[in-house]
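To keep things clear, I will list the structure first and then write my remarks on it.
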Amino acid sequence: MGRQGKDEAGPVLRLSDITKRFGALAANEAISFDLAEGEVIALLGENGAGKTTLMNILFGHYVADSGEVEAFGRKLPPGDPKAALSAGIGMVHQHFTLAEQMSVLDNIMLGTEPLLAFRSARDAAAEKLARLSAESGLAVDPAAKVSALTVGERQRVEILKALYRDARILILDEPTAVLTPTEAQSLFSTLRRLAERGLSVIFISHKLHEVIAAASRVIVLRGGRVVGERRIEETSAAELASLMVGADVPQPALKPAAPGRNMLTLEHVTAQGPGGRIRVEHISLSLHAGEITGMAGVSGNGQSVIAGLIEGMITPEQGRILIDGAPVTRWTPKAALASGIARIPEDRHATGMIADMNVTENVISERHDEARFSRSGLINWRAARDFALKLISAYDVKVPAPETRVRLLSGGNMQKLILGRALDGAPQVIIANQPTRGLDVGAVAYVQQRLAEARDRGAAILLISEDLDEVLSLSDRVIVMSGGRLSRPMARSDVSIADVAALMAGQGFEARGLERNADAA
Amino acid sequence: MRLEPVADASPSRLVGYPALALAATLAVTASLVMIAGADPLAVFGQVIKGAAGSQFALLETLTRATPLIFTGLAIAVAFRARLWNIGAEAQLYMGAVATVLLGTGALPLPAPILIPILMAAAMLAGALLLLGPALMKMRFGVDEVVTTLLLNFIVLLFVSYLLEGPLKDPMGMGWPQSPRVIAEAQLPRLIQGKRLHFGFVLAIASAVIVWFIMAKTTLGYRMRAVGHNAQAARFAGIPVNRVLAMTALLSGGLAALGGFSEVAGLKGNLTLDLSAGYGMTGIVVAMLALLNPLGVVVSAIFVAGIFVGADAMSRSAGVPSYIADVMVATALLTMVAAIMLTRHRIRWR
């Protein structure tokens with residue numbers, strides 16, 4: 003394995019022979035690598051490859067069974083995040099660690115200010131934040147309450163928080179999982195700019211194209227071991243993918259679409275998102291049988307309202323929802339389920355699954371009052387368990403038993419479970435909101451394949467995704483959402499990435515005569 | 039020092055840490071007993087003897103456990119759905135008020151008819167008392183911790199008013215107490231001449247019924263789903279507010295049954311000292327039982343045993359019976375720590 007860091011300055015960070023076991027599972031096995039000053043390296047691997055464990059050891063959240071970490075030539079005491087922090091290591095976690103009820107500035111200052119701070123300290127902090135924000139290109143409103151921010155904005159706060167603490171080594175865990183392609187691009191150029199100024203970056207990812215776009219060196223992990231280390235110019239996406247999964251990656255096979263009748267229509271709908279931040283007005287949208295409609299757009303532009311409307315979580319203030327041509331009356335999650343709408347929610351932890359209940363209890367959540375799972379108020383746990391076993395095997399969920407708490411499942415397995423729960427019973431309408439967010443390559447392909455299959459058997463699908471590649475590769479038609487407005491649907495063959503990118507940035511709606519959106523044909 | 043989750047808790051962890059918790063409880067109380075100038079071993083011996091050392095002691099413990107089972111169940115049910123009912127004390131008193139209102143001669147019926155009516159009336163009174171805070175939580179987002187807590191004082195003052203006014207026993211020599219319930223309204227004693235009454239059987243039956251509801255019915259499933267993740271429950275089509283309302287009715291009703299059982303089974307009338315803080319102790323009982331309805335029976339008997347045993351001990355050893363409060367509180371704290379430790383591993387740097 004080539005050591006890159008043995009140049010004159012010496013590595014800023016050196017990991018030697020890190021091994022960490024959880025019971026019988028070796029999460030990390032003899033992992034060693036160096037990081038040089040101003041270098042951006044990517045830690046690539048599927049979910050469960052040991053990336054996050056490794057970073058948690060590096061940052062002192064876990065203690066390695068053996069091996070050591072050296073930063074700037076000095077050994078870091080194991081299990082001490084404070085030492086890691088003061089050595090100049092900053093970490094941005096995949097799941098954010100922000101105080102929701104506090105402002106952006108307060109969050110960034112949190113833990114850095116003395117107990118009794120004067121107003122001037124706050125002003126200085128605000129100044130520093132503004133400077134960092136300008137330098138890095140990470141724009142946020144320092145006075146905004148974190149609870150009012152979108153996921154994308156929250157991540158910017160997290161990165162700024164690390165920079166604010168003068169991090170010289172920045173670790174990013176799946177940083178682009180919540181970003182749009184444009185935002186991701188700008189993050190990468192931010193990282194490069196910061197790297198030129200001497201910041202060293204490790205970013206954890208399972209997305210090949212962004213690894214290639216952002217890193218100068220890639221370390222591939224599989225099953226807790228380093229299976230390859232490549233300079234980016236010496237490798238290819240195909241090679242990295244096969245290193246990562248240990249086999250060739252399947253691509254979803256798409257047959258030509260055969261769109262049928264209108265299965266679900268939003269007719270001049272006006273609605274308000276939760277918290278009243280996002281509002282959509284006079285939106286019209288139709289989903290046709292046997293067709294995938296892909297909705298692209300930057301997070302927080304109204305997609306969640308559209309998803310909420312279809313899921314039954316949001317009731318329209320004005321306008322109608324029609325299912326198979328018939329207008330709905332009382333619109334609730336239950337009514338949406340009864341109308342045969344399958345839902346894959348945006349946030350599988352907060353909305354999709356109940357983490358502290360087990361697999362069986364979770365898979366019946368949407369159907370527990372159907373006759374097959376309960377009679378006169380009594381749940382038939384045997385039938386429920388059989389159903390769980392069926393989904394586990396049909397959707398290839400890796401879980402010891404149906405009695406396992408969902409919290410212990412990986413993101414990919416959780417999503418497979420949600421997919422199975424939603425797709426069982428051949429639903430006619432499917433709303434999939436960010437169905438592959440945060441999943442590894444194998445799981446992404448799996449989810450996409452299942453959605454394509456559902457389309458082929460005649461389901462009408464709305465795919466909402468911030469991953470433009472995904473929208474473009476899976477959808478039969480593409481619509482773009484920006485600022486609560488919906489573009490005219492475009493056939494996939496007519497779509498250019500430039501057009502979509504412009505629409506995503508909010509340009510071109512008026513110029514094209516697409517003020518709000520016309521009736522979706 | 040930090041905590042790391044362990045995937046599977048081994049049997050040695052599951053037994054070892056609770057045992058350690060018990061040892062820690064004994065160590066803490068022993069040192070307090072020594073400060074009080076008594077011999078810890080003798081004191082513990084007398085507590086155990088006073089709680090379970092004779093038929094009388096054992097029956098006394100079970101008698102004391104009876105209202106704690108009811109309030110413990112009320113709390114377990116509510117907390118499971120994340121409805122923070124801190125007002126079991128008030129609901130217990132409302133159950134007692136309903137029992138006295140209808141049980142002192144207003145309904146001249148035979149016992150097999152009257153007792154179920156009284157139970158239903160008591161449950162209704164307690165259920166409605168908790169329904170108010172639950173509805174205010176749903177409609178206006180009013181914190182139920184505050185409303186249920188304050189209702190304790192309101193209800194206690196209301197009972198005090200009743201006992202000085204409309205419900206005052208004319209034969210009570212001026213004491214603030216209600217008339218006694220009629221013979222048909224009284225629960226039979228389980229053993230002739232002893233204090234343990236049929237309310238204990240009702241409490242055990244309630245625990246089994248609540249366990250059944252939580253584990254086997256759609257209502258229990260929904261309550262657990264709402265408690266673990268209300269947003270995901272709503273997404274899955276579960277009517278969250280209706281479930282919370284049902285939880286409130288069930289929880290309030292259970293606590294009120296405790297009041298019924300104390301009046302109809304033990305005291306015979308309503309006084310202001312009907313409950314020795316059973317509503318609040320019910321929280322400890324439920325938490326010690328990890329909100330498990332069957333566990334509530336065990337933990338209620340355990341807690342009752344400490345109180346009864348400490349009473350007996352203080353009479354002979356001269357150590358204040360407040361030591362019982364310390365023991366119960368220490369047991370709760372150490373058990374909570376033990377439960378966490380069975381699921382996590384401590385790393386010392």
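Note that the protein sequences, when read in sequence, are chains G and A. Take 3 as the starting number for the first sequence in my numbering and just add one per residue. Take 39 as the starting number for the second sequence in my numbering and just add one per residue. Positions of the beta carbon are idealized from the N, C-alpha and C atoms, including for glycine. Please read these numbers as outputs of a predicted model, since none were measured by experiment.
Check distances from the C-beta atoms of the region 147 to 178 of chain A to those of chain G and list, in chain order, the residues that come in under 9 Å. none
Determine the chain A residues that contact residue 336/G at a beta-carbon separation under 7 Å, and present them in chain order. In chain order: 275.
Span of the beta strand (DSSP E) holding residue 271/G? 264 to 274
Using beta-carbon positions only, say whether residue 263/A and residue 163/A come within less than 7 Å of one another. no
Do residue 98/A and residue 385/A have their C-beta atoms within less than 7 Å of each other? no
If we define contact as Cβ-Cβ less than 7 Å, is residue 370/G a contact residue for chain A? Taking Cβ atoms only, chain A reaches closer than 7 Å to residue 370/G, which makes this a yes.
Go ahead and pull the three-state DSSP assignment for residue 203/A. coil
What residues from chain G crowd round residue 270/A, counting only those whose CB sits closer than 8 Å? 352, 353, 354, 355, 356, 367
Here's the rule I'm using: 16 or more other beta-carbon atoms within 10 Å means buried, otherwise exposed. How should residue 213/A be labelled? exposed
Checking contacts by CB at 7 Å: is residue 381/G closer than that to chain A? Chain A, which has a Cβ nearer than 7 Å to the Cβ of residue 381/G, makes this yes.
Near residue 357/A, which residues of its chain fall below 7 Å by C-beta distance, leaving aside the five closest residues on each side in sequence? 71, 74, 76, 81, 351
DSSP-derived helix/strand/coil call for residue 205/G: strand
Going straight from the alpha carbon of residue 127/G to that of residue 136/G, what length do you get? 14 Å
Quick check: what's the CA-CA separation for residue 536/G versus residue 69/G? This structure cannot speak to residue 536/G, because chain G is shown only from 3 to 523.
Would you say residue 173/G and residue 43/G are within 7 Å of each other, going by their C-beta atoms? For residue 173/G and residue 43/G, no; Cβs fall outside 7 Å.
Between residue 266/A and residue 366/G, is the Cβ-Cβ spacing less than 7 Å? no
How would you call residue 48/A, buried or exposed, if buried means at least 16 neighbouring beta carbons within 10 angstroms? So residue 48/A counts as exposed.
Selection from 391/G, 397/G, 361/G that minimises the alpha carbon distance to residue 407/G: 361/G
Reduced DSSP category for residue 107/A - H, G, I as helix; E, B as strand; rest coil: helix
Cutoff 7 Å: residue 90/G Cβ touching any chain A Cβ: no
Identity of the residues DSSP links to residue 35/G by a beta bridge: 17/G
Which residues, in order along the region 338 to 349 of chain G, keep a beta-carbon less than 7 Å from a beta-carbon of chain A? 339, 347
At the level of alpha carbons, what is the spacing between residue 185/A and residue 122/A? 10 Å
Could you tell me whether any Cβ in chain G is nearer than 7 Å to the Cβ of residue 118/A? Answer no: the Cβ-Cβ gap between residue 118/A and chain G never drops below 7 Å.
Could you name the residues of the same chain whose beta carbon sits closer than 6 Å to that of residue 464/G, not counting the 5 residues immediately before and after it, in chain order? 289, 295, 433
Nearest chain G C-beta to residue 285/A closer than 7 Å, yes or no? no
Assuming contact is defined by CB atoms lying nearer than 7 Å, are residue 112/A and residue 292/A in contact in what I supplied? yes
Hey, is residue 251/G's beta-carbon within less than 7 Å of any beta-carbon in chain A? Annotation note: pLDDT 48 at residue 251/G (below 50); position unreliable, no value reported.
Please go through the region 42 to 66 of chain A and give each complete beta strand (DSSP E) segment of 3 or more residues, from N-terminal end onward. Within the region 42 to 66 of chain A, no complete beta strand (DSSP E) run reaches 3 residues.
So which residues of chain G does residue 256/A contact, with C-beta pairs closer than 9 Å? 370, 371, 375, 376, 379, 380, 381
Spatial neighbours of residue 344/A within its chain, please: C-beta separation below 6 Å, excluding the five flanking residues on both sides. Non-local C-beta neighbours of residue 344/A in its own chain, meaning closer than 6 Å and more than five positions away in sequence, comprise 362, 365, 366, ordered along the chain.
What residues from chain A crowd round residue 313/G, counting only those whose CB sits closer than 9 Å? Under the 9 Å cutoff, chain A gives 273.
Residues bridged to residue 329/G by DSSP? 324/G
Quick one: grab the DSSP three-state call for residue 442/G. coil
Please report the residue range of the alpha helix (DSSP H) in which residue 390/G lies. 383 to 396
How should residue 379/A be labelled, buried or exposed, when 16 other C-beta atoms within 10 angstroms of its C-beta is the threshold for buried? buried
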